[in-house]
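The next block holds one structure in the form of structure tokens; read it before the comments.
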Amino acid sequence: MSDTYPHPAAMNPDQLYEQCSLKQTRGTGPGGQHRNKVATAVILTHEPTGITGQASERREQIANRKVALFRLRVNLALQVRCDPIYPPSDLVQSRFIQGSIKVNPAHTDFPAVLAEVLDNLYFTKLDPRKTGSRLGCSTSQLVKFLKNEPRSLEMVNRDRKAKNMHPLR
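Here the numbering used here is used: position 50 in the sequence shown is 230, and no number is missing along the way.
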């Protein structure tokens, strides 16, 4: 645990953009002459951490910026650990309904919720039961939520294995 809240993944887009550098490049692959000649690909780098998010699959740069920002926020949620807040943030409380976690993996709130869940999970030394009780959800709902971003479950299971703990399924 290194930082305090707000977690970079939970920042509003304008605040996050202020901490990022933007690199525009040309896309490659299918998409025709326009895609290959115009700099529509976007790479956002979060300067304090060096973590990036990139997108090049759309033909318009503004659309790629939005996708790159979302990917950057997910990468920040996965790679940056902060001291968790307790009780959970209003955002997390609004997404935890009757013991289950209600957030679509494509929704803009997903990276912030993922960051807070992971921060709490690492705070409880990777114990999903303690994390679930802190956040107000069951262990199975916690694992189901982590499966929405496969890299998060892989990371948690890798770290649990290093501590001779059983993987989450």
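Every residue gets a Cβ at the ideal spot worked out from N, C-alpha and C, and that includes glycine.
Just so it is clear, the structure is predicted and the values come from calculations on it, not from any experiment.
Other residues of its chain near residue i: CB distance less than 7 Å, five sequence neighbours each side excluded
| i | result |
| --- | --- |
| H226 | P188, Q199, C200, L252, L256 |
| M191 | none |
| L202 | V222, L224 |
| T319 | P308, R309, G312 |
| N328 | P285 |
Same chain, Cβ closer than 6 Å to residue i, five either side skipped, listed in chain order
| i | result |
| --- | --- |
| V218 | none |
| M181 | The predicted model places M181 with a pLDDT of 47, which falls under 50 and marks its position as unreliable, so this point remains unresolved. |
| G233 | L224, A248, R251, L252, N255 |
| V283 | R275, D289, F290, V293 |
| I231 | N255, L256, Q259 |
| Y197 | none |
Residue i - containing beta strand (DSSP E), residue span
| i | result |
| --- | --- |
| A221 | 221-226 |
| G242 | The sequence shown places Ile at residue 242, rather than the Gly named in the question. That residue, I242, is in no beta strand (DSSP E); its alpha helix (DSSP H) goes 241-259. |
| Q204 | 200-205 |
| Q234 | 231-235 |
Residue interval of the alpha helix (DSSP H) (run including residue i)
| i | result |
| --- | --- |
| K324 | 319-327 |
| T368 | Because the chain is modelled from 181 through 349, residue 368 falls outside the range shown and cannot be assessed. |
| V336 | 330-342 |
| S274 | 270-275 |
| A295 | 290-303 |
Rounded Cβ spacing between residue i and residue j (contact assumed at less than 8 Å)
| i | j | result |
| --- | --- | --- |
| L306 | R340 | 5 Å |
| L301 | P291 | Incorrect: roughly 15 Å between the Cβ atoms, too far for contact. |
| Q321 | I281 | 5 Å |
Proximity to residue i [Cα-Cα], best of the options
| i | options | result |
| --- | --- | --- |
| F250 | Q273, R349, P285, T220 | P285 |
| R352 | Y197, E296, V222 | Residue 352 lies beyond the stretch modelled for the chain, which goes from 181 to 349, so this question has no answer here. |
| R245 | P228, I281, T229, D194 | D194 |
| P186 | R338, E296, E329, N328 | E296 |
Proximal residues to residue i (C-beta, below 8 Å), its chain only, five neighbours per side dropped
| i | result |
| --- | --- |
| T304 | K310, T311, R314 |
| V323 | P308, L333, L348, R349 |
| V336 | L298, L301, L306, L326, L348 |
| T229 | P188, L256, Q259, V260 |
Distance cut-off 7 Å: residue i Cβ against heavy atoms of the ligand NAP
| i | result |
| --- | --- |
| Q241 | The model depicted lacks the ligand NAP and carries no ligand whatsoever. |
Inter-stretch contact at 8 Å, needing at least 3 Cβ pairs: the region 268-276 / the region 335-349: no
contact_flag[the region 222-237, the region 275-289] where n(CB pairs < 8 Å) is 3 or more: no
Three CB pairs or more closer than 8 Å across the region 310-318 and the region 239-248: no
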